[in-house]
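Q: Numbering of the sequence shown is given in our numbering, commencing with residue 3 and proceeding in unit increments.
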Amino acid sequence: QSSHLGTPVIRKLLLLASETQSACLSSAPQEHDKQEEAPAVLLFCRLPGEQYVCCGRLNYVEHDETKHPLRFVWGLIDEHVLKESAHFQQLMKVAQRSNT
């Protein structure tokens with residue numbers, strides 16, 4: 003699977019990232035209210051053999067074109083909601099066990 007700057011998925015992610023950043027940098031609240039909201043980037047995770055769990059919306063932090071495959075860093079917007087989710091807590095327990 004190719005993940006370089008020329009692939010359609012990577013180009014779309016970079017476009018979404020730039021739209022998200024420009025919306026956040028808008029200083030006038032009325033301008034921001036009139037702008038169309040950029041499509042959300044969502045994070046889905048699952049345990050092996052289980053159904054996917056929606057872990058919320060992501061905001062673009064940065065990307066590194068020098069890495070192969072291309073490296074994206076995203077921030078989790080809905081962290082406060084996920085802390086209350088039993089499904090997410092189950093994923094976190096498995097992740098903690100696998101890191102030890």
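The beta-carbon is built from N, C-alpha and C at its ideal position, and this holds for glycine as well.
Identify, in the order they occur along the chain, each residue of the same chain with its Cβ nearer than 6 Å to the Cβ of S100, setting aside the five sequence neighbours on each side.
A: The answer is none, since no qualifying residue turns up.
Q: Run through DSSP, which three-state label would R99 get?
A: Reduced to three states, the DSSP call for R99 is helix.
Q: Please state whether DSSP places R13 in a helix, a strand or coil.
A: Residue state, collapsed to three classes: helix.
Q: Please state whether DSSP places L93 in a helix, a strand or coil.
A: It is helical.
Q: E81 lies in the alpha helix (DSSP H); which residues open and close that run?
A: E81 to L84
Q: Tell me whether F90 is buried or exposed, calling it buried when 16 or more other Cβ atoms sit within 10 Å of its Cβ.
A: The residue in question, F90, is buried, as its Cβ has 16 or more Cβ neighbours within 10 Å.
Q: Reducing DSSP to helix, strand and coil, say where L72 ends up.
A: coil
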